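Residue numbers (the working numbering): 17 to 352.
We treat Cβ as the ideally placed atom computed from N, Cα and C, and that holds for glycine.
Computed from a predicted model, the values in this text were never measured in an experiment.
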Ligand code: NAI
Ligand code: ISE
């Protein structure tokens, strides 16, 4: 079966996902597009999916009879309405992070999916599909004893003017929030944020860098440096310290050169390249599950837990230095 997909939001990642569905992956095709900026949808239609129909609203696209499954890649604040409409229509839905911009919004999605009775939603936490993180998980699970600490960094070379302090959490750190729950098979109990000396390259509205400290139920302590104006590249670091040894996330493959009296490795500068394979594999998973009328991979529950944790981290930014507790409700049977 070819899964017929409609894409809502044809900006940077919507366009890139449309490309991979149309040109890279098997089993699906783009049949519908929608964006509040019709020029964006038209550009994807002419460059990537000429047969796709353009819909005036996301809701019209979801209701369209030719659409089997929905990709939500619009701005974060609009995700909830489209995911809820997809569940109401009984159509599998891939939603980019964040699932919703508030924990209440994510809870409404969980409630709707639980009422539906089977999984329909996959959240775009692509790091769970990254070969490096998968290898790291194997080693953490089997070779370094009980994990005790994680030291991590999430560095972007630069961010646009509209990027503000809380986005360091719900736009950037949210990837670590999700992937460490999965990597450590654990949940968080508290968050704390401290601000080092501010970089002179940071825009007026973003405190940069930040250090986020998370504690898990098992007592693991995680420190993540979020530095979104680091200048030198897009750099994701993770080291797990266990009672028998350490394990590091592998560096992306790159050629070592010896030239001009220098020994060098290139560092990537764009998330699109750093996680290109992970995006392919997560959407392959989505297409396979959607062909069976369901969803797998990171769930609405994972999106909800990430939203609760994000809210606590944003509160911890506002009360810098203070420890903010994180309490999670019981996991519904659908997600256990
Ligand atoms: P973008 O600004 O390039 O694109 C968003 C698009 O959504 C724009 O074309 C905009 O016109 C459209 N849009 C906004 N409101 C809409 C609405 N109500 N209905 C339909 N379309 C609407 O943003 P970008 O970077 O593509 O991000 C989109 C989402 O993907 C965000 O939630 C972001 O957090 C997530 N993202 C995830 C990444 C990952 O690594 N998994 C990487 C980059 C973005
Ligand atoms: C962006 O939205 C992403 O999801 C990237 O993976 C992340 O590195 C970046 O900080 C976000 O703005």
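- Under the 8 Å Cβ criterion, the region 114-132 counts as touching the region 84-96, having at least three qualifying pairs.
- By alpha-carbon distance to residue 207, the top candidate from 34, 72 and 336 is 336.
- No heavy atom of the ligand NAI is found nearer than 7 Å to the CB of residue 156.
- By the beta-carbon neighbour count (other beta carbons within 10 angstroms, threshold 16), residue 161 is exposed.
- The Cβ atoms of residue 181 and residue 221 lie closer than 8 Å to each other.
- The distance from the Cβ of residue 137 to that of residue 129 is about 6 Å, consistent with a contact at the 8 Å cut-off.
- Secondary structure within the region 42-119: the beta strand (DSSP E) runs of 3 or more consecutive residues, fully enclosed, are 44-50, 69-71, 85-88 and 109-111 (chain order).
- If you compare the alpha carbons of 269, 54, 307 and 289 with that of residue 108, the shortest gap goes to 307.
- In the assembly as shown, residue 318 is a buried residue. Its beta-carbon has 16 or more other beta-carbons within 10 Å.
- For residue 167, the enclosing beta strand (DSSP E) covers residues 163-171.
- Take residue 191, set aside five residues on each side of it, and the residues of its chain with a beta-carbon closer than 6 Å to its own are 143, in chain order.
- Comparing C-alpha distances from residue 341 to each of 146, 58, 204 and 64 shows the shortest one belongs to 204.
- Where residue 204 is concerned, the enclosing beta strand (DSSP E) starts and stops at 204-210.
- Taking a 10 Å sphere around the C-beta of residue 274, we find fewer than 16 other C-beta atoms and assign the residue as exposed.
- Taken through DSSP and simplified to helix, strand or coil, residue 276 comes out as coil.
- As the crow flies, the alpha-carbon of residue 166 is around 44 Å from that of residue 55.
- Distance from the CA atom of residue 248 to the CA atom of residue 135, rounded to whole angstroms, is 41 Å.
- Counting of Cβ neighbours within 10 angstroms places residue 305 among the buried residues, the total reaching 16 or more.
- Nearest C-alpha to residue 195 among 226, 271, 214 and 150: 150.
- In this structure, the ligand ISE has no non-hydrogen atom nearer than 7 Å to the beta-carbon of residue 33.
- Here residue 47 is not near residue 88, since their CB atoms are 8 Å or more apart.
- By the CB criterion at 8 Å, residue 34 and residue 23 fall inside the cutoff.
- The residue among 320, 112 and 334 with its C-alpha nearest the C-alpha of residue 351 is 320.
- With a cut-off of 7 Å, the C-beta of residue 284 is classified as distant from the ligand NAI, since no heavy atom of the ligand falls inside that distance.
- DSSP places residue 147 in no beta strand (DSSP E) but in the uninterrupted alpha helix (DSSP H) bounded by 147-158.
- Residue 243 sits in a strand when the DSSP states are folded into three classes.
- Closest by C-alpha distance to residue 212, out of 241, 236 and 185, is 241.
- When DSSP states are grouped into helix, strand and coil, residue 231 belongs to the strand group.
- The residue from 298, 303 and 334 with its alpha-carbon nearest to that of residue 141 is 298.
- Inclusion of residue 250 and residue 202 in the CB contact set at 8 Å is not warranted, their separation being larger than that value.
- Every residue whose Cβ sits closer than 7 Å to any heavy atom of the ligand NAI is listed here in chain order: 24, 25, 26, 27, 28, 29, 30, 50, 51, 52, 53, 56, 74, 89, 90, 91, 92, 94, 95, 112, 113, 114, 140, 142, 187, 191, 287 and 291.
- Residue 221 carries a coil assignment under DSSP once its states are collapsed to helix, strand and coil.
- Going by beta carbons, residue 217 and residue 172 fall outside the 8 Å limit.
- Scanning its chain for C-beta atoms nearer than 8 Å, with the 5 sequence neighbours on each side dropped, one finds around residue 237 the residues 164, 165, 166, 229, 230 and 231, in chain order.
- Membership of residue 255 in the beta strand (DSSP E) is indicated by the continuous run 251-258.
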